[in-house]
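Asks: Here it is, the structure, as structure tokens.
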Amino acid sequence: MPKVLHLRTVVGRGGGPEKTLLNSPRFIDPSYTLRLAYLRPEGDPLYDMPARAASVGVDLVDIPERGAIDFRAVQRLKAEIAAFQPDILHAHDYKTNVLGVILGRRSSIPVMTTSHGYGVSGGRLGLYYRIDRWALRRMDRVVVVSDDLQAHMESIGVPRERCRMIENAIDSNAYRRRFQVAEAKRRLGFDPERPLIGAVGRLSDEKGFDLLIEAAGHLLDRGQSLTLVIAGEGPLLAALQAQIQKLGRQNEIRLLGYRSDTIDLYQALDVFVLSSLREASPNVVLEAMSLEAPTIATRIAGVPRIIEDGESGLLIEPNSVPALEEAISRLLNDEGLRERIAAAGRETIESRYSFSVRMDKMRRVYDELLGLPSPPREDACHAPPALTAVRD
């Protein structure tokens with residue numbers, strides 16, 4: 282039975298890739314065995330991956346680190362590789378990309394990575410990205426989740442024949458609506474009669490939450506009834522809170538902090554908004570669509586592959602407060618459009634973005650590396666033909 286060891290470095294609760302990693306062992310073909318190895322800062326109070334993995338029956342190895350370079354942690358990882366004897370090392374970030382290439386070559390184990398996207402730049406990260414490019418060019422396979430990452434890999438010299446496009450996906454059974462919007466609002470303590478707009482994500486520059494707050498403020502000033510809630514934590518918490526206070530809209534615009542009940546929150550939303558300036562293939566859009574929350578998203582990276590504008594969601598240009606205002610107002614004032622978009626969004630997820638579909642594609646990549654028979658590959662590095670039907 283082939284074995285794959287996933288390698289990941291994380292701080293705090295991580296992000297979208299953690300959802301992907303926790304689902305991967307549960308949805309892979311049973312002929313494969315997957316294990317997760319997580320490197321994380323020692324004493325990190327927010328780190329919760331062992332508990333999350335245990336709750337879904339996923340095998341996870343926890344490797345604490347003391348500092349950015351901890352040779353004891355590297356030795357622990359080497360020992361885990363020797364004990365587990367994986368047939369493939371599958372990395373998920375710049376640090377494990379480098380470790381994977383070095384340790385994989387020493388052990389004659391094929392090494393691959395999934396590029397989940399680059400959120401921020403500058404400072405030390407410039408050096409990290411240069412190191413990452415060194416590792417990426419030496420991977421046996423590179424999986425990308427969006428068109429822009431595909432182009433990036435080609436630009437830094439990753440051979441085209443080693444690259445595969447496999448978009449993000451979610452557990453569509455777990456993300457299934459169980460309550461109508463009004464009931465979901467009541468359960469969370471929101472006014473069932475007042476339109477609720479929501480967003481979910483890390484409070485950082487690339488998410489564009491300041492633009493969303495500004496747009497909500499303008500709509501409120503024009504007499505539009507709404508409440509905006511943003512779930513997440515991050516470095517811009519104080520700045521965004523100050524922005525809300527300056528608008529004098531603390532009652533109508535709220536930062537909810539970290540929420541473990543996002544499934545309940547999505548179901549309470551009349552409109553979900555992705556206001557990001559940069560993303561790859563955002564999980565939050567898939568989650569909102571799967572839970573039939575009418576979705577507005579910026580036209581960036583892989584998002585237009587997920588949403589068909591006017592059918593399964595509304596696409597707007599990034600970095601535009603007027604575009605946010607117009608799209609939110611359009612959905613809030615057209616119940617029929619909200620219903621159509623909600624239904625089409627769910628159909629998109631079921632047909633193209635369920636996790637079973639994604640892991641079938643990933644299994645093909647594993648089969649390629651190991652020289653095992655597999656169905657014909659459909660996920661070459663170039664983008665597949667554009668789809669005009671409802672998409673995932």
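For the sequence shown, our numbering gives the first residue as 282, with consecutive numbering after it. For glycine and all other residues, C-beta sits at the position ideal for the given N, C-alpha and C.
1) Using CA coordinates, which residue listed in Arg419, Ile451, Ser453 is at the minimum distance from Ile691?
2) Go ahead and label Gly403 buried or exposed: buried means 16 or more other beta carbons lie within 10 angstroms of its beta carbon, across all protein chains shown.
3) Give every residue of the same chain whose Cβ lies closer than 8 Å to the Cβ of Leu500, excluding the five residues on either side of it in the sequence, and list them in chain order.
4) Grab me the residues of Gly293's own chain with a C-beta within less than 7 Å of its C-beta, minus the 5 sequence neighbours each way, in chain order.
5) Which class does Ser593 belong to by DSSP, given the choice of helix, strand or coil?
6) Anyone know if the C-beta pair for Gly583 and Glu448 falls short of 8 Å?
7) Looking at Ile344: is its Cβ nearer than 8 Å to the Cβ of Ala364?
8) Is there a C-beta anywhere in chain B that falls below 8 Å from the one on Leu507?
9) I need the DSSP call for Leu521, collapsed to helix, strand or coil.
10) Spatial neighbours of Gly385 within its chain, please: CB distance less than 8 Å, with the 5 preceding and 5 following residues excluded, ordered by chain position.
11) Per DSSP, what kind of secondary structure is Ser436 in: helix, strand or coil?
12) Would you give the residue range spanned by the alpha helix (DSSP H) that His499 belongs to?
13) What span of residues does the beta strand (DSSP E) with Asp343 cover, start to end?
14) Under three-state DSSP, which class holds Gly293?
15) Evaluate Tyr539 with the Cβ neighbour count: other Cβ atoms within 10 Å of its Cβ, from every protein chain shown; 16 or more gives buried, anything less gives exposed.
16) Nearest CA to the CA of Thr290: which residue from Met282, Lys284, Glu299?
17) On a CA-only basis, which of Asn532, Pro367, Leu558 is nearest Arg483? Give me that one, please.
18) Only counting the same chain, and skipping five residues up and downstream in sequence, which positions put a Cβ closer than 6 Å to that of Gln548?
19) In angstroms with no decimal places, state the Cα-to-Cα distance between Pro283 and Ile597.
20) From Glu560, Leu555, Arg580, pick the residue whose C-alpha is nearest to that of Ala574; which is it?
21) Going by DSSP, which residues form a beta bridge with Pro326?
22) With a CB to CB cut of under 7 Å and the five nearest residues on each side skipped, what residues in its chain are close to Ala497?
23) With respect to the beta strand (DSSP E) encompassing Met420, which residues constitute its N-terminal and C-terminal limits?
24) In or out: Lys527 buried (at least 16 other Cβ within 10 Å) or exposed?
Replies: Taking the structure as given:
1) Because the chain is modelled from 282 through 673, residue 691 falls outside the range shown and cannot be assessed.
2) In this predicted model, Gly403 has a pLDDT of only 49, less than 50, meaning its place in the structure is not dependable; the value taken from the coordinates is given anyway. Under a 10 Å Cβ-count criterion, Gly403 is classified as exposed, with fewer than 16 other Cβ atoms of the shown protein chains found around its own Cβ.
3) Excluding sequence neighbours, Leu500 sits near Leu507, Glu606, Ile609, Ser610.
4) Once the five neighbours on either side are set aside, the close Cβ partners of Gly293 are Asp325, Leu327, Tyr328.
5) Secondary structure of Ser593 (DSSP, three-state): coil.
6) Yes, these two residues count as a Cβ contact at 8 Å.
7) Against a cut-off of 8 Å, the Cβ pair of Ala364 and Ile344 comes out as no contact.
8) Given the protein chain composition of this structure (a single chain), no chain B is represented.
9) Leu521 carries a helical assignment under DSSP once its states are collapsed to helix, strand and coil.
10) For Gly385, where only same-chain residues beyond five positions count, the Cβ hits under 8 Å are Leu370, Pro391, Val392.
11) Helix at Ser436.
12) According to the DSSP assignment, His499 belongs to the alpha helix (DSSP H) that extends over 490-502.
13) For Asp343, the enclosing beta strand (DSSP E) stretches over residues 341-346.
14) Reduced to three states, the DSSP call for Gly293 is coil.
15) When all chains shown are included, Tyr539 counts as exposed.
16) The shortest Cα separation from Thr290 among Met282, Lys284, Glu299 belongs to Glu299.
17) The option with the nearest alpha carbon to Arg483 is Leu558.
18) Cβ neighbours of Gln548 beyond the five flanking positions: Arg458, Phe460, Ala465, Leu572.
19) If you take the alpha carbons of Pro283 and Ile597, they lie about 44 Å apart.
20) Looking from the CA of Ala574, the closest CA among Glu560, Leu555, Arg580 belongs to Leu555.
21) Assignment of beta-bridge partners to Pro326 by DSSP yields no partner.
22) The residues are Ile478, Leu507, Leu509, Ile534.
23) Careful: Met420 lies outside any beta strand (DSSP E) and carries neither H nor E.
24) Here Lys527 is exposed, its C-beta having fewer than 16 other C-beta atoms within 10 Å.
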